[in-house]
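End of the sequence shown sits at 435 in our numbering; the numbers just go up one at a time, nothing left out.
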Amino acid sequence: MGQSSRSVANGGAVMALLVLAMFLNYVDRGSLSVAAPVLSKELDIGPARLGWLFSAFFWTYALGQIPSGWIVDKLPVRTVFAAGFLVWSAATLATGFVGGFASLFVCRLVLGLGESVAYPACSRILVRSVPEERRGVANSWIDAATKTGPAVSMLLGGFLVDAWGWRWLFWIAGAISLLWLPLWLALYRESGGSGPAVEERAAVSFGEILSRREAWGTSLAMFTLGYVWYLLLSWLPTYLVKARGFSMQRTAVMGALPLALMALGTLAAAWISDRLVARAGGDAQVRRRFLIAGLALTALVLPAAAVVENASLSLALLAAAHMTLGLFASNVWAVTQTLAGPAAAGRWTGIQNAVGNMGGVVSPLLTGIAVERTGSYLPAFASAAVMALLGAICLWLLVPRVAPVRWTEA
């Protein structure tokens with residue numbers, strides 16, 4: 026590609042590095058969920074305080090999205106991504122040394138701050154280098170990494186915690202993450218000098234993005250996804266161990282299954298949507314239908330998982346809920362990139378991910394409080410289903426068409 030398309034050297038290797046980065050991102054953030062059944066006993070942390078720990082990550086992660094989006098649009102993404110990666114890897118390592126609730130809480134805050142650069146950086150790179158008819162699959166590889174990361178963390182991490190203790194999970198995860206940095210610095214190069222090209226420096230303002238109903242539609246839908254997804258990601262191991270009577274080893278194997286199925290479903294849905302977009306001559310309207318269907322189907326499936334008495338059937342329903350969420354995840358960032366375009370991709374992604382991850386602030390915390398007070402997960406699962414349905418309604422009303430926005434400021 027020429028400089029006009031902002032090509033990235035070693036494109037295939039860079040795409041692989043982005044996928045690996047998001048895989049490690051979710052291994053690191055999900056390690057607390059895997060360690061929680063053992064860690065909570067050793068450090069005497071009850072369900073409500075555990076909910077605060079799950080939520081703490083999202084405080085800085087969500088709030089960091091908007092400044093991260095601005096920084097990614099203004100500074101070389103190579104440097105910004107490397108700095109964030111270093112911070113979150115160090116925070117993961119440090120978690121293995123904590124001695125109580127307060128120090129663990131601080132590590133979660135730092136982890137969230139470091140990881141906040143990841144999605145804005147990935148979105149900016151993809152919108153500059155991948156054409157519309159291929160963005161579904163490109164984004165789905167990124168998203169699949171966010172599902173296989175927790176799956177591998179749960180599978181291998183569960184056995185590691187059972188054999189060596191929970192601290193080793195954080196030490197090993199943090200050390201492996203640090204190995205990514207030299208590869209990134211060696212392989213990723215931006216064309217056009219030290220920063221974004223001149224025409225991309227004239228990025229759209231946050232105010233103009235927030236004036237668009239489409240931005241509110243995708244952001245509110247992302248909030249509902251965050252509410253459901255982070256409830257499942259944070260509490261699934263504890264739910265299987267304490268509510269369904271699974272052993273730690275069985276949880277490691279069976280708890281990874283819904284995440285793996287979600288990754289496969291995301292890739293399959295993205296491949297199908299890309300084929301449909303190409304057949305329609307680049308019309309991305311089909312992606313909207315995937316988003317709405319994914320959230321609506323999740324709302325139908327999820328509450329039943331907490332109601333059925335059979336533990337295996339409950340796990341199957343949870344796997345189905347993960348797969349239906351994959352329909353949404355397969356196209357959500359491709360929709361955002363199409364709507365925003367290169368001039369607004371970083372900022373729009375930052376806003377959308379900030380709002381979306383406020384769901385991660387709320388749902389793990391409310392789940393912990395509800396479980397401690399009621400002894401049941403049904404209220405948490407039912408509220409997540411309501412959220413998913415509201416997300417589908419927001420998309421239906423606020424995002425009537427998926428087509429590039431005509432910006433006036435850029």
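Just so it is clear, CB atoms sit at the ideal spot from N, CA and C, and this is done for glycine as well.
**Study point:** Range covered by the alpha helix (DSSP H) that runs through residue 380
**Key:** 370 to 399
Practice item. Assign residue 213 to one of three DSSP states: helix, strand, or coil. Key: coil
Practice item. Would you kindly check if the distance between the Cβ of residue 97 and the Cβ of residue 371 is under 7 Å? Key: yes
Check your understanding: To the nearest whole angstrom, what separates the beta carbons of residue 140 and residue 86, a pair I think is in contact under 8 Å?
Key -> 6 Å
Practice item. Please name the residue in 338, 285, 250, 329 whose C-alpha comes closest to that of residue 378. Key: 250
Exercise for review: Starting from residue 82, follow the alpha helix (DSSP H) in both directions and report where the run begins and ends.
Suggested key: 72 to 99
Point to revise | Where residue 82 falls, given that 16 or more other Cβ within 10 Å makes a residue buried | key: buried
**Study point:** Integer-rounded CB distance, given that residue 392 should sit under 8 Å from residue 76
**Key:** 6 Å
Review point. Is the distance from the Cβ of residue 145 to the Cβ of residue 361 below 7 Å?
Key: no
Point to revise | Nearest-angstrom beta carbon gap, residue 111 and residue 206 [assumed within contact, 8 Å] | key: 6 Å
Review point. Could you give the residue range of the alpha helix (DSSP H) that holds residue 68?
Key: Residue 68 -> no alpha helix (DSSP H), and no H or E assigned at all.
Check your understanding: Which whole-angstrom value describes the C-beta separation of residue 284 and residue 179, a residue pair presumed to lie in contact below a C-beta threshold of 8 Å?
Key -> 7 Å
**Study point:** residue 148: first and last residue of the uninterrupted alpha helix (DSSP H) it sits in
**Key:** 143 to 154
Practice item. For residue 352, collect the residues of the same chain with a Cβ closer than 6 Å to its Cβ; drop the 5 residues on either side in sequence, then sort them by chain order. Key: 294, 315, 318, 319
Review point. Is the beta carbon of residue 117 sitting closer than 7 Å to the one on residue 187?
Key: no
**Study point:** Sequence-distant residues of the same chain with beta carbon closer than 8 Å to residue 270, five excluded per side
**Key:** 336
Review point. With DSSP run on the structure shown, which of helix, strand or coil describes residue 182?
Key: helix
Point to revise | Helix, strand or coil at residue 122 [DSSP, three-state] | key: coil
Practice item. State the Cα-Cα distance for the pair residue 264 and residue 201, rounded to the nearest angstrom. Key: 28 Å
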